[in-house]
Amino acid sequence: MTTPVPRVMVPGSVPKNEVFTVKAIIQHQMETGLRTDSAGKTIPRKIINQFVCRYGGLEVFRTDLHEAVSANPFLEFQLLATENGRLEFSWREDGGATYSLYHDIVVT
C-alpha cells in the first residue's frame, strides 16, 4: 500500500463571521478486512478510522469512519470565520498512524 496523501481545500481569507466550506480528502485504499488475497488469506483491515479538524486549537469537527466508507474518503463541512487562526487536520489510521495538514486562515 502506498503512503496516504491528505489534501484540503480552504479559502485563504474569509470575511469575519462568514461561513466557509472546508473540503478534505485523503488518498487511502481503505482495506476493509473482508477480502482475501490470491492465496485465500484474509487481507488485514487498514482504514482511516477518524478525522478531526481544529480551528485555533479548538476541535470544531470530528467524525469516525468505518468499513463501509469508500477508498479515498472525501469530507465537506462548513465553519464560521471568527478570527485569524490555524486549521489543523488529522486523519487517524488503524494501527495508530496519523496524517496531518495545517492551513492558516486570515479573517478580514
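Numbering (this note's numbering), first residue to last: 3 to 110.
In this text, a Cβ means the ideal position worked out from N, Cα and C, and glycines have one as well.
These numbers come from a predicted model, not from an experiment.
- Closest option to L82, judged by alpha-carbon separation, among P75, V16, S40: V16.
- For N86, the closest of T5, Y57, F22, A73 by C-alpha to C-alpha distance is Y57.
- DSSP places V12 outside any beta strand (DSSP E), giving it a letter other than H or E.
- For V24, the secondary structure class from DSSP, reduced to helix, strand or coil, is strand.
- As summarised for the stretch 17-88, the continuous beta strand (DSSP E) elements at least 3 residues long and confined to that stretch are 21-29, 50-57, 60-66, 76-82, given in chain order.
- Judged by DSSP in its simplified three-state form, D96 adopts coil rather than helix or strand.
- Nearest to A99 by alpha-carbon distance, out of L36, G35, R37, I49, is I49.
- Note on geometry: alpha-carbon atoms of V71 and Y104 lie some 24 Å from one another.
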